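Asker:
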Amino acid sequence: MNLLTFYLVTVGIFICLNGIQVLGFNMQFGMAGILNFAFIVLVAVGAYATAIASVSPAPNDGFTYYIGGFGWQFPWNVLFGVGCTLVFALILGGLALRRLRHDYLALTLVALGQGLQILVLDDPRLFNGNDGILNVPAPWADLSLVDFQFAFLAMSFVLLVVVYLIMARVTASPWGRALKAIREDEEAAASLGRSVWGRKLVAFLIGAGAAGLSGSLLAIYVGGWNAGAWATGENLILLAAVIVGGRGRHLGALVGTILLFGGIVEGTRFLPAVPGQMELIPSLRGIAIGLLVLGFLWWRPEGILSERKERFSPERDDQGNALRGSEPSRTGASS
Amino acid sequence: MIKATPLGVRSRAEPEPVHDRGVMDARLPNCGGEIGHVSERVGRTVSQERPQVSADTAQHVALKLSGIECSFGGVQAVAGVSFDVMDGEFVGLIGPNGAGKSTLLDCVSGLNRSYRGRVVWDGRDITRWPLHRVAQAGLVRTFQVPRLFRRMTALSNVMVGPRNQLGENLGAVISGSWRRQESELLAEAYRTLRRFDLSYVANNYGSDLSGGQERLLELCRAIMFRPRMLLLDEPFAGVSPTNRRRLADLLTGVWRDEKVTIVMVEHRLEWIEELCNRILVMANGTLIAQGSMADVRKNREVVDSYLGGALE
Numbered sequence: 050m051n052l053l054t055f056y057l058v059t060v061g062i063f064i065c066l067n068g069i070q071v072l073g074f075n076m077q078f079g080m081a082g083i084l085n086f087a088f089i090v091l092v093a094v095g096a097y098a099t100a101i102a103s104v105s106p107a108p109n110d111g112f113t114y115y116i117g118g119f120g121w122q123f124p125w126n127v128l129f130g131v132g133c134t135l136v137f138a139l140i141l142g143g144l145a146l147r148r149l150r151h152d153y154l155a156l157t158l159v160a161l162g163q164g165l166q167i168l169v170l171d172d173p174r175l176f177n178g179n180d181g182i183l184n185v186p187a188p189w190a191d192l193s194l195v196d197f198q199f200a201f202l203a204m205s206f207v208l209l210v211v212v213y214l215i216m217a218r219v220t221a222s223p224w225g226r227a228l229k230a231i232r233e234d235e236e237a238a239a240s241l242g243r244s245v246w247g248r249k250l251v252a253f254l255i256g257a258g259a260a261g262l263s264g265s266l267l268a269i270y271v272g273g274w275n276a277g278a279w280a281t282g283e284n285l286i287l288l289a290a291v292i293v294g295g296r297g298r299h300l301g302a303l304v305g306t307i308l309l310f311g312g313i314v315e316g317t318r319f320l321p322a323v324p325g326q327m328e329l330i331p332s333l334r335g336i337a338i339g340l341l342v343l344g345f346l347w348w349r350p351e352g353i354l355s356e357r358k359e360r361f362s363p364e365r366d367d368q369g370n371a372l373r374g375s376e377p378s379r380t381g382a383s384s
Numbered sequence: 003m004i005k006a007t008p009l010g011v012r013s014r015a016e017p018e019p020v021h022d023r024g025v026m027d028a029r030l031p032n033c034g035g036e037i038g039h040v041s042e043r044v045g046r047t048v049s050q051e052r053p054q055v056s057a058d059t060a061q062h063v064a065l066k067l068s069g070i071e072c073s074f075g076g077v078q079a080v081a082g083v084s085f086d087v088m089d090g091e092f093v094g095l096i097g098p099n100g101a102g103k104s105t106l107l108d109c110v111s112g113l114n115r116s117y118r119g120r121v122v123w124d125g126r127d128i129t130r131w132p133l134h135r136v137a138q139a140g141l142v143r144t145f146q147v148p149r150l151f152r153r154m155t156a157l158s159n160v161m162v163g164p165r166n167q168l169g170e171n172l173g174a175v176i177s178g179s180w181r182r183q184e185s186e187l188l189a190e191a192y193r194t195l196r197r198f199d200l201s202y203v204a205n206n207y208g209s210d211l212s213g214g215q216e217r218l219l220e221l222c223r224a225i226m227f228r229p230r231m232l233l234l235d236e237p238f239a240g241v242s243p244t245n246r247r248r249l250a251d252l253l254t255g256v257w258r259d260e261k262v263t264i265v266m267v268e269h270r271l272e273w274i275e276e277l278c279n280r281i282l283v284m285a286n287g288t289l290i291a292q293g294s295m296a297d298v299r300k301n302r303e304v305v306d307s308y309l310g311g312a313l314e
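Following this line, the structure appears as structure tokens:
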């Protein structure tokens, strides 16, 4: 395996894992209308939970602290990570979705994400602060590095496909239809007997499950997780991927993932560094993503793949012949 | 006069009872192609002899409001309103702008939950229940400005209507067992759209419909829910004159054939007069009169406060 193949497999793994995140974000934002600026916090909960479940207890060396350290094997550590994320999301969603809506909810979640990050950063007793939890063991220790790479890529891809299929199945149903109705007009949906809070909470949990899964897998693939990995800005890349790809469309979320994570984030790594300006390229990357989002919102707000109209079987007459459903059957009678 | 038939007892296959709605009944089955002003004239002439489905004939109090009060800051929008609505009634709620009609509707439906007083629906106290629970109890409202799901097609909008869909249970969604019910609901949705003459816009987005179509679609969606009572907030506003006739016929159909009790806030008195058994008049947050249009017309206070010369 040459270096390029190795690199491409690594990028493939990251795209798959980020794709799971973007699908989850799209479930919350695109389908349920919850602009969750704390999405990356859910990813972090999954990652930290998996990390502390996997590693041994903190050594008594005076500068490494973290809670937990259960030494669990794969896949139990990942399941624990996803479970913790769901519990966290249940509490967060149960509280935040109850009263807050739209911009206020988004603002509250931004503040929450920022606050939690500062908390973890400033109190190293929780998750070892900025240094983070290291040496999270990778699964399948007996595999060679090359085999491990391919195995992990295969697993990530299969999980991405599974998450995609689950979300596609769930949203292409009356449940998904009612969820979109709530996104469009909460009060109108409530006037048809739908519990806005309950529906949004379930959608929030489905998205959180994807976040937790992605975070857990990132932690065991990278071998660690620290406070810098879930800066609030990471949410903006997720948001950009959904807006560029097409909100409310799962395939759009994947297209957005490939463009944003595969194209812009990876592509800008190959730009030559400017001497003495270490922060220049990352800053320009942020600016480029911002401009891309603005451009799409201005010229193509629905994204590359626009949300599809719900498809129904065509109307049939008594003999079972399809009628022309969308064609005007008569004209000029409407107001 | 013929007494109103007990509602809900008769099956739909039996012949229609005569509600003594005079000329109107004979005209109702014919839904299409009528011109608004003719019927408005007919409605006027018929109304005086129409019977009231009121306390002595109807048998069951569906909705009972007692002492509803609601204020916004220092303004008391609704100041102690009490009335009953019987099963099978078609009640019109009128009054000048700012009388508190829509606020009252918001309170009863649970859209606005900061009110005082008591709301009893079908023997159950539903005071301050949230909107979705009031709806689940069978009491569905429409809005003064139609509220469609704009980035969904007209057909999808209507398909949100039916309550307790199998496919809204995630277990059934994963197993796929909901599809059978879906095709039945779909057939019903097409039927309802056709009845409202909306089938040719079935695949248009909610945001692309005209004002009148929005009204009809919102009503369509509410009917798919199969409510026991509809609270309509100005259903005729924004509907073209041609379609008003059609809408009136549809409302009559829903009321008579589907046995839906209707409470309607409306400014166009000709439709109130044609459609409603009983009229409630509100002014300054209180109920100032009720009865038939003839009763209301004779009421000096009503004429002074609202109707002015309109009915002289």
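Residue numbers (my numbering), protein chains in the order written: chain A, 50 to 384; chain B, 3 to 314. By construction, the Cβ of each residue, glycine as well, lies at the ideal position given by its N, Cα and C atoms. The model shown is predicted, which means the values in this text are computed figures rather than measured ones.
(1) For chain A, find out if any of its Cβ atoms is closer than 8 Å to the Cβ of Gln167 (chain B); answer yes or no.
(2) In the structure shown, what three-state DSSP assignment does Lys66 (chain B) receive?
(3) With Ile290 (chain B) as the anchor, note down where its beta strand (DSSP E) starts and where it stops.
(4) Can a CB atom of chain B be found closer than 8 Å to the CB of Leu52 (chain A)?
(5) Between which two residues does the alpha helix (DSSP H) harbouring Asp86 (chain B) extend?
(6) From Val44 (chain B) to Met154 (chain B), what distance separates their C-alpha atoms?
(7) Just the Cα atoms here: how many angstroms apart are Pro237 (chain B) and Met226 (chain B)?
(8) Taking the alpha carbon of Ile70 (chain B) as the point to measure from, which residue in B:Phe85, B:Gly76 and B:His62 has its own alpha carbon closest?
(9) Along the stretch 145–160 of chain A, what residues have a CB closer than 8 Å to any CB found in chain C?
(10) For a cutoff of 8 Å on Cβ pairs, would you count Lys249 (chain A) as touching chain B?
(11) Under 8 Å between C-beta atoms, does Leu157 (chain B) make it to chain A?
(12) Would you give the residue range spanned by the beta strand (DSSP E) that Val267 (chain B) belongs to?
(13) Just how far apart, CA to CA, sit Ile37 (chain B) and Leu249 (chain B)?
(14) By alpha-carbon positions, which one of A:Gly164, A:Gly111 and A:Gly142 ends up nearest to Asn177 (chain A)?
(15) Say whether chain A places a C-beta atom closer than 8 Å to the C-beta of Ile2 (chain B).
(16) Return the CA-CA distance between Thr47 (chain B) and Ser294 (chain B), expressed in angstroms with no decimal places.
(17) Which first and last residues belong to the beta strand (DSSP E) in which Arg118 (chain B) is found?
(18) Terminal residues of the continuous beta strand (DSSP E) containing Ala190 (chain A)?
(19) In chain A, which residues lie with their C-beta within 9 Å of the C-beta of Gly163 (chain B)?
(20) Quick check on the burial criterion: 16 or more other C-beta atoms within 10 angstroms. Buried or exposed for Met88 (chain B)?
(21) Could you say which of A:Arg334, A:Gly258, A:Asp171 and A:Tyr213 lies nearest to Leu320 (chain A) if we only look at CA atoms?
(22) Looking at the secondary structure, which residues open and close the beta strand (DSSP E) in which Val93 (chain B) lies?
(23) For His134 (chain B), would you say it is in contact with chain A, using Cβ-to-Cβ distances shorter than 8 Å as the test?
(24) Quick one: which residues of the stretch 197–231 of chain A get their C-beta closer than 7 Å to a C-beta of chain B? List them in chain order.
(25) Distance check for Thr317 (chain A) and Ile395 (chain A), CA to CA, integer angstroms please.
(26) Tell me, which residues are paired with Arg280 (chain B) by DSSP?
(27) Less than 6 Å between C-beta atoms, sequence neighbours within five positions excluded: which residues of the same chain meet that for Gly181 (chain A)?
(28) What do you reckon, are the CB atoms on Val71 (chain A) and Ala290 (chain A) nearer than 8 Å?
(29) Mapping the DSSP letters down to three states, classify Met154 (chain B) as helix, strand or coil.
(30) Going by Cα to Cα distance, which pick from B:Lys66, B:Leu95 and B:Ala101 is closest to Ser307 (chain B)?
(31) Let's test the definition: count the other Cβ atoms within 10 Å of the Cβ of Met161 (chain B) and tell me whether it reaches 16, buried, or not, exposed.
(32) Starting from Met226 (chain B), trace the alpha helix (DSSP H) both ways and give me its first and last residue.
(33) Assign Ser209 (chain B) to one of three DSSP states: helix, strand, or coil.
(34) So, are the CB atoms of Val131 (chain A) and Gly73 (chain A) less than 8 Å apart?
(35) I'd like to know whether the C-beta of Pro377 (chain A) is nearer than 8 Å to at least one C-beta of chain B.
Answerer: In short, the structure shows the following:
(1) yes
(2) Three-state result, Lys66 (chain B): strand.
(3) Thr288 to Gly293
(4) no
(5) Looking at the DSSP string, Asp86 (chain B) is not in any alpha helix (DSSP H); the run it does join, the beta strand (DSSP E), is Val77 to Met88.
(6) Because Val44 (chain B) sits at a pLDDT of 37, beneath the cut-off of 50, its placement in the model cannot be relied upon, and the point is left open.
(7) Between the alpha carbons of Pro237 (chain B) and Met226 (chain B) lies a distance of about 17 Å.
(8) B:Phe85
(9) Protein chains in the displayed structure are A and B, and chain C is not among them.
(10) no
(11) yes
(12) Thr263 to Val267
(13) Model confidence at Ile37 (chain B) stands at a pLDDT of 33, short of 50, so the residue's coordinates are unreliable and nothing is read from them.
(14) Comparing Cα-Cα distances from Asn177 (chain A) to each of A:Gly164, A:Gly111 and A:Gly142, the minimum goes to A:Gly111.
(15) A question about residue 2 (chain B) goes unanswered here, because the residues of chain B that appear run from 3 up to 314.
(16) Unreliable placement is indicated for Thr47 (chain B), whose pLDDT of 37 sits below 50; the coordinate value is still reported in the next sentence. In a straight line, the C-alpha of Thr47 (chain B) is about 14 Å away from that of Ser294 (chain B).
(17) Arg118 to Trp123
(18) Neither: Ala190 (chain A) is in no beta strand (DSSP E) and is coded neither H nor E.
(19) Leu241
(20) buried
(21) A:Arg334
(22) Phe92 to Ile96
(23) yes
(24) Arg218, Val219, Ser222, Pro223, Trp224, Arg226, Ala227, Lys229 and Ala230
(25) Since the displayed chain A opens at 50 and closes at 384, residue 395 (chain A) lies outside it and no answer follows.
(26) For Arg280 (chain B), which the question treats as bridged, DSSP gives the partners B:Val93.
(27) Gly273, Trp274 and Asn275
(28) yes
(29) coil
(30) B:Ala101
(31) buried
(32) Gly213 to Met226
(33) DSSP, reduced to helix, strand and coil, places Ser209 (chain B) within a helical segment of the structure shown.
(34) At least 8 Å separates the beta-carbon of Val131 (chain A) from that of Gly73 (chain A).
(35) Here Pro377 (chain A) scores only 41 on pLDDT, less than 50, and its place in the model should not be relied on; the value that follows carries that caveat. It does; some Cβ of chain B falls within 8 Å.
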